[in-house]
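Going down the list, the sequences are from chains U and F.
Just so you know, we're using our numbering here: the first sequence kicks off at 1 and counts up by one.
Just so you know, we're using our numbering here: the second sequence kicks off at 1 and counts up by one.
Cβ coordinates follow ideal geometry from the N, Cα and C atoms, glycine included.
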Amino acid sequence: MDRPAEALIEGTARRRLAQEQTIAPAAGPRAARRLWWRRVRRNRNIMIGVLLMSLLATAAIAAPWLAPRDPIRNDLANALRPPRASGFLLGTDNLGRDILSRVIWGSRISLTVGIVVQSMAIAIGTLLGVFAGFYGGWADDVVSGLTNVMFALPRLLFAMAIVAALGPNMFNLFIALGMVGWPAMCRLVRAQTLSLCGKDFLEGARAIGATDLRIIARHILPNALSPIIVMGTLGMAHTILAEASLSFLGLGVQPPTPSWGTMMSRGQLYIWHAPWLMLFPGLAIFFTVVGLNLLGDGLRDALDPRLRRR
Amino acid sequence: MLRYAIRRLILAVPILLGVTLMTFVLMWVIPGDITQSFMDPKIGTIDPEVLRAVREQWGLDAPFLVQYGRYMGNLLRGDMGYTSFTNERVRDAIVSRLPATARLALAALVLSTCLGIGAGVFTALRRGSYLDTAGMIVTLFGVSVPTFWLGFVLMWWLAVWWALLPATGYGHGEWSYVVLPAVTLGLSYAGAMARLTRSAVLDVLDAEYVRTARAKGAGRRTVIARHILPNAMVPVLTVIGVNLGGLMAGSVVVESVFAWPGIGQLFVEAIQGRNLLLVQGCVLFFAMIFIVVNILVDLVYGFVDPRIRYD
């Protein structure tokens with residue numbers, strides 16, 4: 001038997017399994033939770049993702065104790081030391097600052113930007129998405145029109161232009177990345193709301209006199225939560241990459257604050273003599289984004305088997 | 001088909017209007033107004049009389065809607081204003097950089113599409129094998145690496161370590177100069193492309209018409225070439241269009257890494273020099289291209305998938 005046929009049979013079996021898993025939660029919330037937890041534990045992507053993200057979180061929280069040196073104090077006598085030279089595990093930069101310490105402190109910036117920007121995207125996107133999907137009519141027309149326009153603008157470029165207009169600093173970075181981050185979330189939540197609005201349990205809730213607000217808070221949002229979490233996680237990966245690009249071009253976090261993108265922006269001047277200035281912050285970004293992508297993919301499989309990527 | 005095309009074009013008009021409104025608002029949100037970008041009060045004092053004269057000359061004292069109307073009027077005549085300092089037409093500045101960007105984006109698009117679709121189909125047909133897992137890991141790395149970092153790694157490896165290719169610049173238009181930036185840009189989109197193609201092919205693999213084709217005794221090659229690929233490529237087509245937007249944004253970073261004299265570099269220079277009308281022009285230009293490409297993709301979509309046309 002050749003490969004596609006094998007794959008075909010396997011695919012049917014998997015689909016049946018997925019169907020069983022979606023039917024199972026009807027057994028009750030506790031059984032559903034147990035099933036969910038089993039899927040999470042068995043998912044290798046989630047486990048690796050959680051491991052990488054806990055490393056990042058530990059670095060961010062314990063930075064003052066973990067970092068061997070002050071990340072912003074200049075030490076010109078020790079400038080451009082290669083890795084592992086005289087006590088500098090990852091070397092030093094052009095101003096003699098310890099790269100290991102800067103990479104550890106930089107995790108705070110990346111994590112903060114990722115969390116703040118995605119919270120903004122989730123807040124704005126969910127609010128507008130539920131509004132458009134639940135009320136329909138002109139509300140939907142206005143919100144959908146706005147989302148379509150935002151989708152036509154190249155996201156990273158528009159974010160750069162916003163920072164250029166407002167002036168580069170961390171607060172404006174949040175605004176710019178939040179502005180371009182919400183449309184995708186809005187589209188997702190709107191679609192979720194629309195598909196939920198036709199369900200019987202919503203009709204039931206309305207029939208016993210629940211207010212719009214109660215229906216949205218108690219019935220729509222909890223049911224739309226899984227895809228929001230998945231998209232938020234994957235969106236955080238995008239946001240951290242975008243922050244790195246903006247900081248690299250001098251539009252993000254300003255020196256001397258140790259951000260990975262800013263470190264690389266300085267490092268490119270020394271690429272020929274001291275490539276470690278770019279290597280280590282780049283690796284830090286890379287592993288963070290790999291972790292978030294794995295976590296997002298894994299959560300998608302575990303939270304919603306119907307969206308399984310296989 | 002013609003009706004579908006016309007309807008699609010009409011639908012693009014409000015989006016185009018919205019995009020011009022967004023780029024216009026971009027200039028509206030500058031603290032103070034655009035005169036601040038070259039009359040910085042932090043550098044020296046500004047004569048209020050001069051400021052008022054400039055604002056009046058540029059029509060900055062008019063209400064929002066009047067200003068937007070003038071902006072649209074100028075846009076329709078192809079006038080995007082002048083760049084600060086050099087007083088060149090924004091339109092001319094962009095058009096003069098277009099060939100370099102088109103060359104880079106095209107090379108990267110071809111590379112990422114071939115590589116992405118090839119890898120996606122290859123791994124999907126071998127679902128669950130070691131090659132599939134390896135492919136997934138490689139593409140995961142592809143979507144997780146910062147583009148500019150990949151650029152420097154490739155530059156270090158191929159231009160410095162092995163000295164095979166020129167590191168930066170445009171040369172006299174030789175192809176050797178385009179290789180490094182195009183590979184950097186192409187690789188960063190090939191990963192996303194491969195993952196999408198893989199899941200599109202997997203979706204089709206389970207479809208009943210594929211089972212039917214196999215059941216009636218069609219050979220493996222026939223099933224793949226006649227039944228699986230044509231159907232799996234429909235969603236992939238959309239992604240090529242969406243990717244072009246990403247490619248253009250990526251070109252901003254890649255062009256500045258490789259000193260490639262395209263619109264991306266122009267955009268970065270404009271931002272760093274706070275040349276705001278040029279920034280506005282570049283965003284508008286990229287958005288226009290993005291919209292046009294997506295209209296074209298939709299038209300092709302309607303051509304290859306008749307279900308969409310007759311909706």
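Original post:
Fully enclosed by the segment 100-135 of chain F, which beta strand (DSSP E) runs are 3 residues long or longer?
Top reply: none
Subject >> Short CB-CB distance (under 9 angstroms) between ARG300 (chain U) and chain F >> reply: Taking the first sequence and counting its residues from 1, one reaches residue 300 (chain U) at position 300. No, ARG300 (chain U) does not count as interfacial toward chain F.
**OP:** Evaluate THR233 (chain U) with the Cβ neighbour count: other Cβ atoms within 10 Å of its Cβ, from every protein chain shown; 16 or more gives buried, anything less gives exposed.
**Re:** The residue you call residue 233 (chain U) lines up with position 233 of the first sequence. It is buried - the Cβ of THR233 (chain U) has at least 16 other Cβ atoms within 10 Å.
Subject >> Cross-strand partners of ASP98 (chain U) (DSSP beta bridge) >> reply: On the first sequence, residue 98 (chain U) is found 98 positions in, with the first residue counted as 1. ASP98 (chain U) is bridged to U:THR92.
Original post:
Residues in its own chain within less than 6 angstroms of HIS227 (chain F) by CB, not counting five upstream and five downstream?
Top reply: Taking the second sequence and counting its residues from 1, the one referred to as residue 227 (chain F) is at position 227. VAL210 and ALA213.
Original post:
What residues of chain F sit near SER119 (chain U), judged by a beta carbon separation below 9 angstroms?
Top reply: Indexing the first sequence from 1 puts residue 119 (chain U) at position 119. Going along chain F, no residue has its Cβ under 9 angstroms from SER119 (chain U), so there is no contact; the nearest lies around 22 angstroms.
Subject >> Under the three-state DSSP convention, the category ARG274 (chain F) falls into >> reply: Along the second sequence, read from residue 1 onward, the residue named residue 274 (chain F) stands at position 274. It is coil, neither helix nor strand.
Subject >> Under 7 angstroms (Cβ pairs) to chain U, residues found in the segment 249-261 of chain F >> reply: ALA249, VAL252, VAL253 and SER256
**OP:** Would you please state the rounded distance, in angstroms, between the beta carbons of ARG73 (chain U) and ARG97 (chain U)? I believe it to be under 8 angstroms.
**Re:** Position 73 of the first sequence, counting from 1, holds the residue named residue 73 (chain U). Position 97 of the first sequence, counting from 1, holds the residue named residue 97 (chain U). About 7 angstroms separates the two Cβ atoms, so the contact holds.
Original post:
Per DSSP, ARG89 (chain F) forms a beta bridge with which residues?
Top reply: Here the question's residue 89 (chain F) lines up with position 89 in the second sequence. Bridge partners of ARG89 (chain F): F:TYR82.
**OP:** To the nearest angstrom, report how far apart PRO222 (chain U) and ILE216 (chain U) are at their CA atoms.
**Re:** Taking the first sequence and counting its residues from 1, one reaches residue 222 (chain U) at position 222. Taking the first sequence and counting its residues from 1, one reaches residue 216 (chain U) at position 216. PRO222 (chain U) and ILE216 (chain U): Cα-Cα distance of roughly 9 angstroms.
Original post:
Within 9 angstroms (strictly less), CB to CB, does ARG274 (chain F) reach chain U?
Top reply: For the purposes of this step, residue 274 (chain F) is taken as residue 274 along the second sequence, with counting starting at 1. Judged by the 9 angstroms Cβ criterion, ARG274 (chain F) is in contact with chain U.
**OP:** Would you identify the three-state DSSP class for MET160 (chain U), choosing helix, strand or coil?
**Re:** Looking up residue 160 (chain U) in the first sequence gives position 160. Note: MET160 (chain U) maps to helix in three-state DSSP.
Original post:
Among residues of its own chain, excluding the 5 on either side of ILE289 (chain F), which ones have a beta-carbon nearer than 8 angstroms to its beta-carbon?
Top reply: Position 289 of the second sequence, counting from 1, holds the residue named residue 289 (chain F). These residues qualify, in order along the chain: LEU244 and MET248.
Original post:
Taking a cut of 8 angstroms between CB atoms, which residues from the segment 94-110 of chain U lie near chain F?
Top reply: none
**OP:** Return the residues of the segment 142-154 of chain U that lie within a Cβ-Cβ distance of less than 7 angstroms from chain F, sorted by chain order.
**Re:** GLY145, ASN148, VAL149, ALA152, LEU153 and PRO154
Original post:
How about GLY296 (chain U) and ALA237 (chain U): do their beta carbons lie closer than 9 angstroms?
Top reply: What you label residue 296 (chain U) is simply residue 296 of the first sequence in a count that begins at 1. What you label residue 237 (chain U) is simply residue 237 of the first sequence in a count that begins at 1. Yes, they are a contact pair.
Original post:
In the segment 130-146 of chain F, which residues sit with their C-beta less than 8 angstroms from some C-beta in chain U, listed in chain order?
Top reply: LEU140, PHE141, VAL143, SER144, VAL145 and PRO146
Original post:
DSSP three-state call for TYR270 (chain U): helix, strand or coil?
Top reply: Position 270 of the first sequence, counted from the start, is the residue given in the question as residue 270 (chain U). Reduced to three states, the DSSP call for TYR270 (chain U) is helix.
**OP:** Check MET53 (chain U) in the structure and name its three-state DSSP category.
**Re:** Position 53 of the first sequence, counted from the start, is the residue given in the question as residue 53 (chain U). Three-state DSSP puts MET53 (chain U) in a helix.
**OP:** Give me the Cα-Cα distance between ASN231 (chain F) and VAL204 (chain F), rounded to the nearest whole angstrom.
**Re:** Residue 231 (chain F) sits at position 231 when you count from the first residue of the second sequence. Residue 204 (chain F) sits at position 204 when you count from the first residue of the second sequence. If you take the alpha carbons of ASN231 (chain F) and VAL204 (chain F), they lie about 7 angstroms apart.
Subject >> TRP157 (chain F) and PHE286 (chain U) closer than 9 angstroms at C-beta >> reply: Taking the second sequence and counting its residues from 1, the one referred to as residue 157 (chain F) is at position 157. Taking the first sequence and counting its residues from 1, the one referred to as residue 286 (chain U) is at position 286. Going by C-beta atoms, TRP157 (chain F) is not nearer than 9 angstroms to PHE286 (chain U).
Original post:
Grouping DSSP H, G and I as helix and E and B as strand, with all else coil, what is GLU174 (chain F)?
Top reply: Looking up residue 174 (chain F) in the second sequence gives position 174. Here GLU174 (chain F) sits in coil by DSSP.
Original post:
What residues of chain U sit near GLY116 (chain F), judged by a beta carbon separation below 8 angstroms?
Top reply: Looking up residue 116 (chain F) in the second sequence gives position 116. Here the premise fails: no neighbours, minimum Cβ distance about 16 angstroms.
Original post:
Can LEU294 (chain U) be considered in contact with the ligand SAM, in the sense that its beta carbon sits closer than 8 angstroms to one or more heavy atoms?
Top reply: Absent from the structure shown: the ligand SAM. Ligands present: none.
Original post:
Using a C-beta to C-beta distance shorter than 7 angstroms, which residues of chain U count as neighbours of TRP58 (chain F)?
Top reply: Taking the second sequence and counting its residues from 1, one reaches residue 58 (chain F) at position 58. Near TRP58 (chain F) there are no residues of chain U at all, since even the closest Cβ is about 17 angstroms away, more than 7 angstroms.
Original post:
Taking C-beta to C-beta, are LEU185 (chain F) and ALA159 (chain F) nearer than 9 angstroms?
Top reply: For the purposes of this step, residue 185 (chain F) is taken as the residue at position 185 of the second sequence. For the purposes of this step, residue 159 (chain F) is taken as the residue at position 159 of the second sequence. No, they are not a contact pair.
Subject >> Residue from F:ALA287, F:LEU299 and F:MET80 with nearest C-alpha to THR156 (chain U) >> reply: As a working note, residue 156 (chain U) is residue 156 in the first sequence. It is Leu, not Thr, that sits at residue 156 (chain U) in the sequence shown. Checked all of F:ALA287, F:LEU299 and F:MET80; the closest Cα to LEU156 (chain U) is F:ALA287.
**OP:** Check whether the segment 235-249 of chain U touches the segment 172-186 of chain U, counting contact only when three or more Cβ pairs, one atom from each stretch, lie closer than 8 angstroms.
**Re:** yes
Original post:
To which residues of the same chain is VAL239 (chain F) closer than 6 angstroms at the C-beta, ignoring the five residues directly before and after it?
Top reply: As a working note, residue 239 (chain F) is residue 239 in the second sequence. Same-chain partners within the cutoff: LEU196.
Original post:
Nearest-angstrom Cα distance between THR112 (chain U) and ALA302 (chain U)?
Top reply: Here residue 112 (chain U) is taken as the residue at index 112 of the first sequence, counted from 1. Here residue 302 (chain U) is taken as the residue at index 302 of the first sequence, counted from 1. Between THR112 (chain U) and ALA302 (chain U), the C-alpha separation is close to 26 angstroms.
**OP:** Measure from the C-beta of GLN21 (chain U) to each C-beta in chain F and report whether the shortest distance is under 9 angstroms.
**Re:** By 1-based counting over the first sequence, the position of residue 21 (chain U) is 21. Interpretation of GLN21 (chain U) is limited by its pLDDT of 48, a score under 50 that renders its predicted location unreliable; the figure taken from the coordinates is listed afterwards. Output row for GLN21 (chain U): interface = no.
Original post:
Where does GLY69 (chain F) fall in DSSP's three states?
Top reply: On the second sequence, position 69 is the one that residue 69 (chain F) refers to. The answer is helix: DSSP assigns GLY69 (chain F) an H, G or I state.
Original post:
So, helix, strand or coil for MET30 (chain F), using DSSP?
Top reply: Locating residue 30 (chain F) in the second sequence gives position 30, counting from the first residue. Note that residue 30 (chain F) corresponds to Ile in the displayed sequence, not to Met. In the structure shown, ILE30 (chain F) sits in coil (DSSP, three-state: anything other than H, G, I, E or B).
Original post:
Does the segment 84-92 of chain F come close enough to the segment 274-283 of chain F that 3 or more CB-CB pairs lie under 8 angstroms?
Top reply: yes
Original post:
How close, in whole Å, do the beta carbons of MET263 (chain U) and PRO275 (chain U) come, if the pair is a contact with beta carbons under 8 angstroms?
Top reply: Walking along the first sequence from the start, residue 263 (chain U) turns up at place 263. Walking along the first sequence from the start, residue 275 (chain U) turns up at place 275. At roughly 13 angstroms, the Cβ-Cβ gap does not stay under 8 angstroms, so MET263 (chain U) and PRO275 (chain U) are not in contact.
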